[in-house]
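**Q** Going by the numbering used here, the first residue of the sequence shown is number 772, and it counts up by one from there.
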Amino acid sequence: MTTATRYNEAHFKTYNKFSKDHTKDILKESTYYNYLGDATSFLSNITDISLLSIKSKKQLKSLLEDNYGLIALTLKTTAHSKTSDSWRKLRRALVVSYKAAGLSNLASDLHSISNPVSVSERSHNTKKSRRLIKVTDEIFSEMYENRMDAGDADSLALMTLGQKIGIRPSEAKRLELIESKDNEITIKVHGSKKTLLGEKVKSKSRGLDRTLTVTHSEAIERALETVRDIDDNRIKSAQMRMHRASRKIWFDSEKHFCLYSLRYTFGSNLKRQLYSTEGGRIVAAAVMGHKNTSSISSYGNYRSGRIGIDLPQVDLETVEQVKDDIGDRFQKGRGKYFDVGEAIRKREYVKKDLEPEFSL
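(1) Need the endpoints of the alpha helix (DSSP H) that Thr1036 sits in, please.
(2) What does Ser951 pair with, by DSSP beta-bridge criteria?
(3) Quick check: what's the CA-CA separation for Tyr915 versus Val1058?
(4) Note down the Cα distance separating Leu721 from Leu835, rounded to an integer number of angstroms.
(5) Keeping to the same chain, check which residues put their C-beta closer than 8 Å to that of Arg1176; ignore five residues upstream and five downstream.
(6) Please report how far the alpha carbon of Thr1089 lies from the alpha carbon of Asp837, in whole angstroms.
(7) Can you list the alpha helix (DSSP H) stretches of 4 or more residues lying completely in the stretch 844–893, in chain order?
(8) So which of Ala1114, Leu1082, Glu913 has the shortest CA-CA distance to Gln934?
(9) Do the stretch 986–1002 and the stretch 947–955 make contact, defined as three or more Cβ pairs closer than 8 Å?
(10) Run through DSSP, which three-state label would Gly1112 get?
(11) Measuring CB atoms only, is the stretch 1042–1057 touching the stretch 1015–1028, in the sense that at least three cross pairs come out at less than 8 Å?
(12) In the structure shown, what three-state DSSP assignment does Thr997 receive?
(13) Which whole-angstrom value describes the C-beta separation of Ile1006 and Pro940, a residue pair presumed to lie in contact below a C-beta threshold of 8 Å?
(14) Tell me where the alpha helix (DSSP H) around Val1054 begins and ends.
(15) For Glu942, is the classification buried or exposed, using 16 other Cβ atoms within 10 angstroms of its Cβ as the cut-off for buried?
(16) Does DSSP put His961 in a helix, in a strand, or in coil?
(17) Which two residues bound the contiguous beta strand (DSSP E) that contains Leu983?
(18) Just to confirm my understanding: we take Gly1106, look at its own chain, exclude 5 residues before and 5 after, and list those with CB closer than 8 Å. What are they?
(19) Can you check which of these residues, Arg1118, Gln830, Lys870, Ser883, is closest to Arg859 by C-alpha distance?
(20) With DSSP run on the structure shown, which of helix, strand or coil describes Leu903?
(21) Relative to the alpha-carbon of Val890, which residue among Val866, Arg901, Asp856 has its alpha-carbon at the smallest distance?
(22) Indicate the three-state DSSP secondary structure (helix, strand or coil) for Leu946 in the structure shown.
(23) Give me the residue from Ser812, Asp809, Tyr1031, Ile797 with the minimum Cα distance to Arg901.
(24) Which residue or residues does DSSP assign as beta-bridge partners of Gln1084?
(25) Assign Ile842 to buried or exposed, taking buried as 16 or more other Cβ atoms, counted over all protein chains shown, within 10 Å of its Cβ.
(26) Which whole-angstrom value describes the C-beta separation of Leu979 and Gly1076, a residue pair presumed to lie in contact below a C-beta threshold of 8 Å?
(27) Within 10 angstroms of its Cβ, does Ser926 collect 16 or more other Cβ (buried), or is it exposed?
(28) Whole angstroms are fine: how far does the CA of Asp1002 sit from the CA of Met1013?
Right, dumping it as structure tokens:
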């Protein structure tokens, strides 16, 4: 385990002991130890003490208690340089490490710390900002031809699936062909945005499995056959090949093509075609595999979406699982159409002290 070089696991609760003592903290074993690794790395940096030098559980506990004030203050300070997600992850790692050291009360105090930086002033993911977010037909064709000339079957398949059904790259290994007819193909997408809690309690899942039906094409048939046995390594390798190809083709561009570029474009098309209809944002979230309607705000833009693009149909069971948190925030009925952009500008959302992280 990579984190073993940064701390002594014996000084914390074992995964099984932690799971037994903290039944509400449902974590995968790998996630638990990754949290401990992240937390101890953070602690070593701010205390100048290597946790490998700690000789006992008692000594570790004393270190965490004595330095709690410094740790809490530094956590707040780092909010200015971290994205919302990365700051939340660090806080979670610290909470888990304190619980794992037998300091549940201080863990609760850490958990109660809110991000002190307003949403508008927080750091943003620079890696995401370098992604191309609108893929035109010309851009798609140029990259597709480049990968075809290179004989890159995996990239071609992933591009086809990203364009036609908008999957996350990691979901390519989770596809199941349900039915193939002359005029349509039905595919089960097993969502990748799942925690252990979500796997155990369906209502707590972050992402959704969904069944999509699309117009039949030989390209989709070939793509499904290609990814039938694909794994994470092949997906990542294909992503790197496309990344290098994009930099060669569009060498003077600041933003570059990637598989998520297709998901952004797919999201824009969903917004353009569905957001002006009753229940449209709920259907759009279901197609994307989102548990909440607000999640699609990170993908694409209504104005850049296209009308007339063939979009998949999604099963009713998935639609019914989507929570319309946008509707709740603005006190609208489930799926009720309203101009979200106008409502944001007028600050009509319920929690007046919070800036909504929605976008069109």
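Using N, Cα and C, we set each Cβ at its ideal position, and we do this for glycine too.
It should be emphasised that the depicted structure is a prediction, and the values quoted were computed from it without experimental measurement.
**A** So, from the listed chains and residues:
(1) Element bounds for Thr1036: 1030–1045.
(2) DSSP output for Ser951 lists Ile956 as bridge partner(s).
(3) Straight-line Cα distance between these residues: approximately 24 Å.
(4) In the structure displayed, the chain extends from 772 to 1131; residue 721 sits before or after that span and is not available.
(5) Limits of the chain in this structure are 772 at one end and 1131 at the other, which puts residue 1176 out of reach.
(6) Taking the straight line from one Cα to the other gives about 49 Å.
(7) Within the stretch 844–893, the complete alpha helix (DSSP H) runs of at least 4 residues are 855–871, 875–882.
(8) The shortest C-alpha to C-alpha distance from Gln934 to any of Ala1114, Leu1082, Glu913 is the one to Leu1082.
(9) Short answer: they touch.
(10) It is helical.
(11) Short answer: they don't touch.
(12) Under the three-state reduction of DSSP output, Thr997 falls in the helix class.
(13) Confirmed, about 6 Å.
(14) From DSSP, the alpha helix (DSSP H) with Val1054 extends over 1051–1059.
(15) Classified as buried, Glu942 has 16 or more neighbouring CB atoms from the shown chains inside 10 Å of its CB.
(16) In the structure shown, the three-state DSSP call for His961 is coil.
(17) Residues 981–986.
(18) Within the same chain, Gly1106 has close Cβ partners Glu1049, Gly1050, Gly1051, Arg1052, Ile1053, Asp1095, Gly1098.
(19) Taking only the C-alpha atoms, the option nearest Arg859 is Ser883.
(20) In the three-state reduction of the DSSP assignment, Leu903 falls in the coil class, being assigned neither a helical nor a strand state.
(21) Sorting Val866, Arg901, Asp856 by C-alpha distance to the C-alpha of Val890 places Asp856 at the top.
(22) DSSP places Leu946 in strand when its eight states are reduced to three.
(23) It is Tyr1031.
(24) When beta bridges are read from the DSSP output, Gln1084 appears opposite Thr984.
(25) With 16 or more other Cβ atoms within 10 Å, it is buried.
(26) About 22 Å; that fails the 8 Å criterion.
(27) Taking all protein chains in view, the Cβ of Ser926 is crowded by 16 or more other Cβ atoms within 10 Å, so the residue is classified as buried.
(28) For Met1013 and Asp1002, the distance between alpha carbons rounds to 17 Å.
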